[in-house]
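**Student:** The structure under discussion is supplied below as structure tokens; questions concerning it will follow.
2 protein chains.
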Amino acid sequence: MAEEKRRRRPTLALVAREAGVSIGTASNILGGKEELHSPETVARVQSVARHLGYRPNRLARSLVSRKSHTVGVLMEPVHAIFTRNPYAAAVLDGLLLRLGEKGYHIKLISLDRHDPKSLWAQIDDGSIDGAVVIAPLIDSPLLEWYHHTNLPCVVVGAELPDSYGLYCIEADNAQGIGMLVDHLVELGHRRIGMILGPKQQYSRYHREQAFRQTLHARGLKVREEWMVEGSYTVQSGYEAMQRLLMQKELPTALVASNDNMAVGAVEACRQANIPIPERLSIVGFDDAPSASIVSPSLTTIHVPLSEIGSHAVDALLEQLTSGVPKRGTYRVPVELIIRESTAPPYVK
Amino acid sequence: MAEEKRRRRPTLALVAREAGVSIGTASNILGGKEELHSPETVARVQSVARHLGYRPNRLARSLVSRKSHTVGVLMEPVHAIFTRNPYAAAVLDGLLLRLGEKGYHIKLISLDRHDPKSLWAQIDDGSIDGAVVIAPLIDSPLLEWYHHTNLPCVVVGAELPDSYGLYCIEADNAQGIGMLVDHLVELGHRRIGMILGPKQQYSRYHREQAFRQTLHARGLKVREEWMVEGSYTVQSGYEAMQRLLMQKELPTALVASNDNMAVGAVEACRQANIPIPERLSIVGFDDAPSASIVSPSLTTIHVPLSEIGSHAVDALLEQLTSGVPKRGTYRVPVELIIRESTAPPYVK
DNA sequence: ATGAAAGCGCTAACAT
DNA sequence: ATGTTAGCGCTTTCAT
Numbered sequence: 025m026a027e028e029k030r031r032r033r034p035t036l037a038l039v040a041r042e043a044g045v046s047i048g049t050a051s052n053i054l055g056g057k058e059e060l061h062s063p064e065t066v067a068r069v070q071s072v073a074r075h076l077g078y079r080p081n082r083l084a085r086s087l088v089s090r091k092s093h094t095v096g097v098l099m100e101p102v103h104a105i106f107t108r109n110p111y112a113a114a115v116l117d118g119l120l121l122r123l124g125e126k127g128y129h130i131k132l133i134s135l136d137r138h139d140p141k142s143l144w145a146q147i148d149d150g151s152i153d154g155a156v157v158i159a160p161l162i163d164s165p166l167l168e169w170y171h172h173t174n175l176p177c178v179v180v181g182a183e184l185p186d187s188y189g190l191y192c193i194e195a196d197n198a199q200g201i202g203m204l205v206d207h208l209v210e211l212g213h214r215r216i217g218m219i220l221g222p223k224q225q226y227s228r229y230h231r232e233q234a235f236r237q238t239l240h241a242r243g244l245k246v247r248e249e250w251m252v253e254g255s256y257t258v259q260s261g262y263e264a265m266q267r268l269l270m271q272k273e274l275p276t277a278l279v280a281s282n283d284n285m286a287v288g289a290v291e292a293c294r295q296a297n298i299p300i301p302e303r304l305s306i307v308g309f310d311d312a313p314s315a316s317i318v319s320p321s322l323t324t325i326h327v328p329l330s331e332i333g334s335h336a337v338d339a340l341l342e343q344l345t346s347g348v349p350k351r352g353t354y355r356v357p358v359e360l361i362i363r364e365s366t367a368p369p370y371v372k
Numbered sequence: 025m026a027e028e029k030r031r032r033r034p035t036l037a038l039v040a041r042e043a044g045v046s047i048g049t050a051s052n053i054l055g056g057k058e059e060l061h062s063p064e065t066v067a068r069v070q071s072v073a074r075h076l077g078y079r080p081n082r083l084a085r086s087l088v089s090r091k092s093h094t095v096g097v098l099m100e101p102v103h104a105i106f107t108r109n110p111y112a113a114a115v116l117d118g119l120l121l122r123l124g125e126k127g128y129h130i131k132l133i134s135l136d137r138h139d140p141k142s143l144w145a146q147i148d149d150g151s152i153d154g155a156v157v158i159a160p161l162i163d164s165p166l167l168e169w170y171h172h173t174n175l176p177c178v179v180v181g182a183e184l185p186d187s188y189g190l191y192c193i194e195a196d197n198a199q200g201i202g203m204l205v206d207h208l209v210e211l212g213h214r215r216i217g218m219i220l221g222p223k224q225q226y227s228r229y230h231r232e233q234a235f236r237q238t239l240h241a242r243g244l245k246v247r248e249e250w251m252v253e254g255s256y257t258v259q260s261g262y263e264a265m266q267r268l269l270m271q272k273e274l275p276t277a278l279v280a281s282n283d284n285m286a287v288g289a290v291e292a293c294r295q296a297n298i299p300i301p302e303r304l305s306i307v308g309f310d311d312a313p314s315a316s317i318v319s320p321s322l323t324t325i326h327v328p329l330s331e332i333g334s335h336a337v338d339a340l341l342e343q344l345t346s347g348v349p350k351r352g353t354y355r356v357p358v359e360l361i362i363r364e365s366t367a368p369p370y371v372k
């Protein structure tokens with residue numbers, strides 16, 4: 025009995041008793057409202073707390089205050105593989121940094137495909153004040169958000185239709201793809217292909233559409249046999265390139281929808297003895313760390329991913345404090361980074 | 025008043041009242057002890073809960089049960105940058121996967137250097153049942169662990185002295201370095217240098233020591249001017265290589281303490297027009313994604329990082345259920361991966 | 001099989 | 001300036 029008491033961590037009640045004050049007083053002092061009490065009491069309580077090694081129980085605190093000071097980061101299982109997903113990793117960097125500054129804690133939630141029914145019970149269980157959703161997929165059960173919960177939420181890496189009523193932060197895909205195509209056109213390319221992203225990703229469509237429009241605007245024709253599909257992984261880029269290489273006619277330049285796939289494509293070309301950029305120019309998107317490491321290094325679009333993470337935090341905390349849901353889309357300006365993987369088209 | 029009630033999420037009490045049962049009964053049924061009650065009651069309660077959209081409050085549940093079903097992942101701020109730290113990213117992958125399988129949630133905690141006093145208050149606040157510490161640094165306040173808390177804990181990516189009394193999981197550095205050196209020696213190299221990790225990392229010393237011992241065992245001399253230091257980043261490897269290149273005499277092979285630095289070293293050589301591996305063989309450690317992407321691809325040591333993450337979870341959960349603290353070290357077997365960055369030494 | 005009641009550790013009115 | 005009280009939403013005896 026007495027032993028059990030000893031094992032348990034000291035509580036507010038214990039501190040109060042030892043310091044000879046009421047539990048409310050102790051709560052005030054240890055909860056940062058010291059100005060309500062006399063200096064002596066404050067000192068005594070703090071000293072007792074220190075000696076006892078008192079640490080407030082966050083759960084109890086959150087239960088009554090209805091604030092967990094924790095935000096959830098929701099990821100599709102596909103994305104919860106940071107080694108293969110520089111995108112999610114970079115966004116997480118930004119989230120972590122800003123959330124830490126603001127004194128918030130972070131809970132990582134990888135959606136469980138096995139049991140989508142318990143999805144909302146897992147997310148909205150009182151343990152988080154709000155959520156950041158990373159690149160939700162098109163059929164994602166997550167997107168029924170407002171049917172199930174009114175937890176504040178911010179979406180990163182996908183531009184959702186307005187009807188979802190969520191605030192989205194996404195790279196300006198149209199601007200980025202436009203810059204890439206223009207760069208290639210200026211080099212003299214007129215035969216340009218594309219490796220598309222997977223059909224479940226919103227970004228795929230925005231990037232594809234921008235590609236088609238820009239080509240059109242430049243008076244170039246979109247050749248459907250040069251539009252191949254990948255899944256945003258290195259391996260898929262490799263395979264897409266192999267498929268492309270089986271065509272009778274080849275483009276002189278290729279836009280990969282992200283850097284991962286561009287890296288895979290470069291490797292496929294290397295194995296097929298097609299020199300990059302002499303025979304084929306290849307560009308990527310995102311400016312992942314690998315883009316500057318591969319050889320040739322990739323011309324790509326720099327997306328300030330970790331700033332996007334910080335921005336997401338700011339937008340979310342703003343909702344938390346104001347109580348007003350935010351909606352709409354913030355398209356983040358991007359930048360063209362010219363490296364070694366692009367050159368004028370080969371002339372026989 | 026009534027409005028406020030409406031806004032709030034339904035509680036157990038509400039479900040119980042609507043179903044015409046006591047709160048205890050509802051708790052049993054919704055908490056998985058349905059066998060204690062009659063089928064009709066069970067059905068009724070479940071149905072009411074569903075219609076009301078009831079979701080249990082995890083905080084309240086954890087408060088009374090003293091289990092949060094959440095594991096904390098503690099990282100030094102240096103590591104909390106996943107884009108630059110494939111090591112932490114890969115371990116996190118493994119943690120995330122296994123923790124998800126086990127129904128545990130995960131809280132990411134990046135140590136705050138600004139306020140080390142509140143460190144334990146942040147960690148041991150009732151919100152986690154145990155912790156995984158990723159690659160703690162040598163002077164880390166974290167290592168006073170058992171003075172401050174008896175939270176179960178597992179250390180990954182560092183082999184701590186026994187005195188800390190913590191269970192550590194780390195790649196078999198001695199084996200790995202031995203394999204690398206042996207590989208180089210077999211190729212004919214006798215002049216081998218090393219890029220060391222930073223002094224704050226435990227792994228630096230284990231890798232350095234293994235290097236010195238293996239060279240010694242092979243009858244080779246360690247040339248101190250070929251032992252240069254980096255900080256496990258690509259940039260630091262680049263700079264370390266530049267310093268090395270200023271020596272009058274150069275080694276014919278170089279062991280970089282991790283892949284990041286090997287990548288940086290390769291880049292420095294490229295700029296200095298030193299062909300790899302013809303003029304200099306370079307090896308890395310970890311088998312990070314970049315190792316197979318750079319050109320030439322890196323001969324390196326494969327460390328099953330995500331398995332290490334899973335293993336860490338298993339070890340931690342074992343402690344959680346058994347209540348018995350685990351200690352000692354598990355040295356994970358590693359594997360030599362031979363790629364393009366190594367070749368026999370150049371002969372004039 | 002079910003209900004009543006105690007309390008997890010804390011905050012926030014409200015009194016004094 | 002300090003004490004008292006009523007919960008936060010849930011689990012868990014202990015009765016019935």
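Keeping their order, the protein sequence lines are chains A and B.
Residue numbers in the first sequence follow this note's numbering, run continuously in steps of one, and reach 372 at the last position.
Residue numbers in the second sequence follow this note's numbering, run continuously in steps of one, and reach 372 at the last position.
Glycine residues also receive a C-beta, built at the ideal position from the N, C-alpha and C atoms.
Remember, predicted model here, so these are calculated numbers, not experimental data.
#1: Can you give me the C-alpha to C-alpha distance between methionine 99(A) and serine 187(B), rounded to a whole angstrom?
#2: Quick test of your reading: valine 327(A) and valine 290(A), contact by CB under 8 Å. State the CB separation rounded to the nearest angstrom.
#3: Name the two residues that bound the continuous alpha helix (DSSP H) containing valine 39(A).
#4: Hey, valine 3(A) and valine 258(A): beta-carbon distance below 9 Å or not?
#5: Using 8 Å as the Cβ pair cut-off and three pairs as the minimum, do the segment 345-365 of chain B and the segment 190-203 of chain B touch?
#6: What are the boundary residues of the alpha helix (DSSP H) that valine 157(A) is part of?
#7: Serine 260(A) and asparagine 297(A) - do their beta-carbons sit closer together than 9 Å?
#8: Just to confirm before moving on: does the CB-CB distance between arginine 108(B) and glycine 333(B) stay below 9 Å?
#9: Measure from the alpha carbon of leucine 244(B) to the alpha carbon of each residue in Gly308(B), Asp206(B) and Arg214(B), then state which is nearest.
#10: If you draw a straight line from the C-alpha of isoleucine 325(A) to the C-alpha of leucine 132(A), how long is it?
#11: Would you list, in sequence order, the uninterrupted alpha helix (DSSP H) runs of no fewer than 4 residues that lie entirely inside the segment 267-330 of chain B?
#12: Name the one or two DSSP bridge partners that arginine 355(A) has.
#13: Relative to the C-alpha of serine 346(B), which candidate in Gly154(B), Ser365(B), Ser164(B) and Val66(B) has its C-alpha closest?
#14: Return helix, strand or coil for histidine 335(B), following the three-state DSSP convention.
#15: Which ranges would you report for the beta strand (DSSP E) in the segment 211-269 of chain A if only whole runs of at least 3 residues count?
#16: Check distances from the C-beta atoms of the segment 122-145 of chain A to those of chain B and list, in chain order, the residues that come in under 8 Å.
#17: Is DSSP giving leucine 132(B) helix, strand or coil here?
#18: Considering only the beta carbon of each residue, do glutamine 211(A) and threonine 366(A) sit closer than 9 Å?
#19: Between the beta-carbon of alanine 277(A) and the beta-carbon of glycine 200(A), is there less than 9 Å?
#20: Along the alpha helix (DSSP H) that carries threonine 65(A), what are the first and last residues, could you check?
#21: Alpha carbons only, please: which of Ile147(A), Phe106(A), Val318(A) and Ala312(A) is nearest the one belonging to leucine 329(B)?
#22: I want to know whether the segment 29-47 of chain B touches the segment 60-77 of chain B - three or more CB-CB distances under 8 Å.
#23: By the criterion of Cβ-Cβ separation under 7 Å, what are the contact partners of aspartate 149(B) in chain A?
#24: Per DSSP, which one or two residues make a beta bridge with glycine 96(B)?
#25: What in chain B is Cβ-close to threonine 353(A), meaning under 8 Å?
#26: Measuring straight from C-alpha to C-alpha, what distance separates valine 12(B) and alanine 292(B)?
#27: Name the one or two DSSP bridge partners that isoleucine 162(B) has.
#28: How big is the Cα-Cα spacing for tryptophan 169(B) and proline 299(B)?
#29: Hey, does threonine 94(B) have any beta-carbon neighbour from chain A nearer than 9 Å?
#30: Assign isoleucine 105(B) to one of three DSSP states: helix, strand, or coil.
#31: Our contact map puts glycine 189(A) next to arginine 351(A) with C-beta atoms below 8 Å; I'd like the distance itself, whole angstroms only.
#32: Anything in the segment 156-170 of chain B with a Cβ closer than 7 Å to a Cβ of chain A? List those residues in chain order, please.
#33: How would you write the range of the alpha helix (DSSP H) that valine 88(A) sits in, first residue to last?
#34: Please classify valine 371(A) as buried or exposed, where buried requires at least 16 neighbouring CB atoms within 10 angstroms.
#35: Starting from the C-beta of leucine 239(A), find all residues in its chain whose C-beta is less than 6 Å away, skip the five residues before and the five after it, and write them out in chain order.
#36: Listed from N- to C-terminal order along the chain, which residues in the segment 104-117 of chain B have their beta-carbon within a distance smaller than 8 Å of any beta-carbon of chain A?
**Tutor:** The structure says:
#1: CA-to-CA, the gap between methionine 99(A) and serine 187(B) works out to about 39 Å.
#2: Contact flag wrong, Cβ pair sits at about 20 Å.
#3: Under the DSSP assignment, valine 39(A) falls in the alpha helix (DSSP H) whose first and last residues are 36-43.
#4: No answer is possible for residue 3(A): it lies beyond the span of chain A, which begins at 25 and ends at 372.
#5: Judged by Cβ distances under 8 Å, the segment 345-365 of chain B makes contact with the segment 190-203 of chain B, as three or more pairs qualify.
#6: Boundaries around valine 157(A) are those of the beta strand (DSSP E), 154-158, since no alpha helix (DSSP H) includes it.
#7: Cβ atoms of asparagine 297(A) and serine 260(A): not closer than 9 Å.
#8: Taking 9 Å as the Cβ cut-off, arginine 108(B) and glycine 333(B) do not qualify as a contacting pair.
#9: Of the listed residues, the one whose Cα sits closest to leucine 244(B) is Arg214(B).
#10: Whole-angstrom Cα-Cα distance: 28 Å.
#11: If you keep only unbroken alpha helix (DSSP H) runs of at least 4 residues inside the segment 267-330 of chain B, you get 283-295 and 313-317.
#12: Under the DSSP definition of a beta bridge, arginine 355(A) partners with Glu194(A).
#13: Here the closest residue by C-alpha is Gly154(B).
#14: In the three-state reduction of the DSSP assignment, histidine 335(B) falls in the helix class.
#15: The segment 211-269 of chain A contains these whole beta strand (DSSP E) runs: 216-220 and 251-253.
#16: Going along the segment 122-145 of chain A in chain order, one finds Gly124, His129, Ile130, Lys131, Leu132, Ile133, Ser134, Asp136, Trp144 and Ala145 with a Cβ nearer than 8 Å to chain B.
#17: Secondary structure at leucine 132(B): strand, using DSSP grouped into helix, strand and coil.
#18: In the sequence as presented, glutamine is not what sits at residue 211(A); that position holds leucine. Contact flag set, yes.
#19: One thing to note: alanine 277(A) has its Cβ no nearer than 9 Å to the Cβ of glycine 200(A).
#20: Where threonine 65(A) is concerned, the enclosing alpha helix (DSSP H) stretches over 63-76.
#21: The option with the nearest alpha carbon to leucine 329(B) is Phe106(A).
#22: Touching, per the Cβ criterion.
#23: Within 7 Å Cβ-Cβ: Arg79, Pro80, Asn81 and Arg82.
#24: Partner(s): Lys131(B) and Ala155(B).
#25: In chain order: nothing, as chain B lies at least about 25 Å away.
#26: Nothing can be reported for residue 12(B): it is not among the residues displayed for chain B, which extend from 25 to 372.
#27: DSSP, once it has assigned bridges, lists no residue as partnering isoleucine 162(B).
#28: If you take the alpha carbons of tryptophan 169(B) and proline 299(B), they lie about 48 Å apart.
#29: Threonine 94(B) counts as touching chain A.
#30: The three-state secondary structure of isoleucine 105(B), taken from DSSP, is coil.
#31: 5 Å between Cβ atoms; contact.
#32: Cβ contacts with chain A come from no residue of the segment 156-170 of chain B.
#33: First-last of the alpha helix (DSSP H) with valine 88(A): 82-89.
#34: Exposed: under 16 other Cβ atoms inside 10 Å.
#35: Non-local C-beta neighbours of leucine 239(A) in its own chain, meaning closer than 6 Å and more than five positions away in sequence, comprise Val246, ordered along the chain.
#36: Cβ contacts with chain A: Ala104, Ile105, Phe106, Thr107, Arg108, Pro110, Ala113, Ala114, Leu116 and Asp117.
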